[in-house]
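Asker: Position in the sequence shown (from 1) plus 901 gives the number in the numbering used here. Cβ coordinates follow ideal geometry from the N, Cα and C atoms, glycine included. All values reported here derive from a predicted model rather than from experimental measurement. I am attaching a structure below and will ask some questions about it afterwards.
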Amino acid sequence: MVYIDNTEVLSEEEKRLQEDRKRTKYWKKWGSYVAERQWATVREDYSADGDAWSHFSHDMSRARAYRWGEDGIAGVSDTHGLQNIAFAFWNGKDPFLKERLFGLSNPQGVHGESIKECHFHLDNTPTHSYMKFLYKYPQEEFPYEHLIEENARRNKTEREYNLIDTDAFKDDKYWDIFIETAKEADDPDELLFRVTAYNRGPEAAKLHIIPHVWFRNTWAWGYDDTKPESKQVSEFACETNHK
């Protein structure tokens, strides 16, 4: 806050924080609460021997539901993680969609939960009324196996091997993908997303941008079998509902 002529003046964000505290508007209900990495963490370790690093691999995450959280690129969810919104990308060359950030487990690298991507959190207000995220996506096939093999080859005295050390960004063949999220001033449950992709390379290249929404699995554990709903309401719109 600032004082002008001995009068306290609140910024717009301070007003939103005040509204949230009084619950006249629930500004913090939605935010960047989705983890960047849920696989190969202690949060998803159901192993008999406590081997969290190997129990739930990056490969498994594409076909296996999490129990204690979710992950995604520029992910947004409600405070209970019931409904999740994030973005996936495909350059037409990777063997699968880029739905989540890639990294190494502790035995594969020099430290645990290592992320081998180039991504940046650029802005985020305290109420998450505005969020901005940057992801740099290579136009050539992502070097998944190369990153695993080269880091495994190096010992603890050598510097870790990152995506920037590969040829992934050679000749500037990559996209800068900016993902912005904003909330409607009169209704903070109304989320607006804008994705802007810049081709930094010398030639035209095709990028697939795939927004997706999914629900936390609350129905498979024997407590409440009620499932959320999702239905198409027009050619480019769907309606979702979670109790």
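Does the beta-carbon of residue 947 have 16 or more other beta-carbons within 10 angstroms, so that it is buried, or is it exposed?
Answerer: Numbered from 1 along the sequence shown, position 46 holds the residue referred to as residue 947. So residue 947 ends up on the exposed side.
Asker: Between residue 910 and residue 916, what straight-line distance do the alpha-carbon atoms span, to the nearest angstrom?
Answerer: Your numbering for residue 910 matches position 9 in the sequence shown. Your numbering for residue 916 matches position 15 in the sequence shown. When rounded, the distance between both Cα atoms is 10 Å.
Asker: Entirely within the region 930-980 and at least 3 residues each: give me those beta strand (DSSP E) ranges in chain order.
Answerer: Segments of the beta strand (DSSP E) lying fully in the region 930-980: 974-979.
Asker: Determine the DSSP secondary structure at residue 1039, reduced to helix, strand or coil.
Answerer: Indexing the sequence shown from 1 puts residue 1039 at position 138. DSSP places residue 1039 in strand when its eight states are reduced to three.
Asker: So, for residue 1135: in the same chain, excluding its five sequence neighbours on each side, which residues have a beta-carbon less than 6 Å away from its beta-carbon?
Answerer: What you label residue 1135 is simply residue 234 of the sequence shown in a count that begins at 1. Nothing meets the Cβ criterion.
Asker: Return helix, strand or coil for residue 1051, following the three-state DSSP convention.
Answerer: By 1-based counting over the sequence shown, the position of residue 1051 is 150. Residue 1051 falls in the helix class under three-state DSSP.
Asker: Which two residues bound the contiguous beta strand (DSSP E) that contains residue 919?
Answerer: Walking along the sequence shown from the start, residue 919 turns up at place 18. Premise fails: residue 919 lies in the alpha helix (DSSP H), 913-923, not in any beta strand (DSSP E).
Asker: Does the contact criterion of 3 or more C-beta pairs under 8 Å hold for the region 1005-1019 versus the region 1057-1069?
Answerer: The region 1005-1019, when compared against the region 1057-1069, does touch it at the 8 Å Cβ threshold.
Asker: Take the Cβ of residue 1137 as the centre, count every other Cβ of all protein chains shown within 10 Å, and call the residue buried at 16 or more, exposed below.
Answerer: Along the sequence shown, one-based indexing puts residue 1137 at 236. That one is exposed.
Asker: Compare the Cα-Cα distances from residue 977 to each of 1102, 1140, 1090 and 1123 and report the closest residue.
Answerer: By one-based count along the sequence shown, residue 977 stands at place 76. Minimum Cα distance to residue 977 is reached at 1090.
Asker: Helix, strand or coil for residue 1007? Go by DSSP, reduced to three states.
Answerer: Position 106 of the sequence shown, counting from 1, holds the residue named residue 1007. Helix.
Asker: Check whether the region 1090-1110 and the region 1042-1058 touch, using three or more Cβ-Cβ pairs below 8 Å as the test.
Answerer: No, because fewer than three Cβ pairs between the region 1090-1110 and the region 1042-1058 fall closer than 8 Å, the two stretches do not touch.
Asker: Taking the beta strand (DSSP E) that residue 1082 falls in, what are its first and last residues?
Answerer: By one-based count along the sequence shown, residue 1082 stands at place 181. Per DSSP, residue 1082 belongs to the beta strand (DSSP E) from 1075-1084.
Asker: Which residues in the same chain as residue 1023 place their Cβ atom closer than 6 Å to its Cβ, once the five residues preceding and following it in sequence are excluded?
Answerer: Locating residue 1023 in the sequence shown gives position 122, where the first residue counts as 1. Answer for residue 1023: 1033 and 1035, listed in chain order.
Asker: So the beta strand (DSSP E) residue 986 belongs to, where does it begin and stop?
Answerer: Within the sequence shown, residue 986 is the residue found at index 85, counting from 1. Segment 984-991, the beta strand (DSSP E) holding residue 986.
Asker: Give the DSSP-derived three-state secondary structure of residue 1045 in the structure shown.
Answerer: Residue mapping note: residue 1045 aligns to position 144 of the sequence shown, counting from 1. Reduced to three states, the DSSP call for residue 1045 is helix.
Asker: Please classify residue 996 as buried or exposed, where buried requires at least 16 neighbouring CB atoms within 10 angstroms.
Answerer: Numbered from 1 along the sequence shown, position 95 holds the residue referred to as residue 996. The residue is exposed, with fewer than 16 neighbouring Cβ atoms inside 10 Å.
Asker: 9 Å is my cut-off, CB to CB: does residue 911 come that close to chain B?
Answerer: As a matter of chain content, chain B is missing from the structure shown, which is built from one protein chain.
Asker: Quick one: is residue 986 buried, meaning 16 or more other Cβ sit within 10 Å of its Cβ, or exposed?
Answerer: Within the sequence shown, numbered from 1, the residue matching residue 986 stands at position 85. That one is buried.
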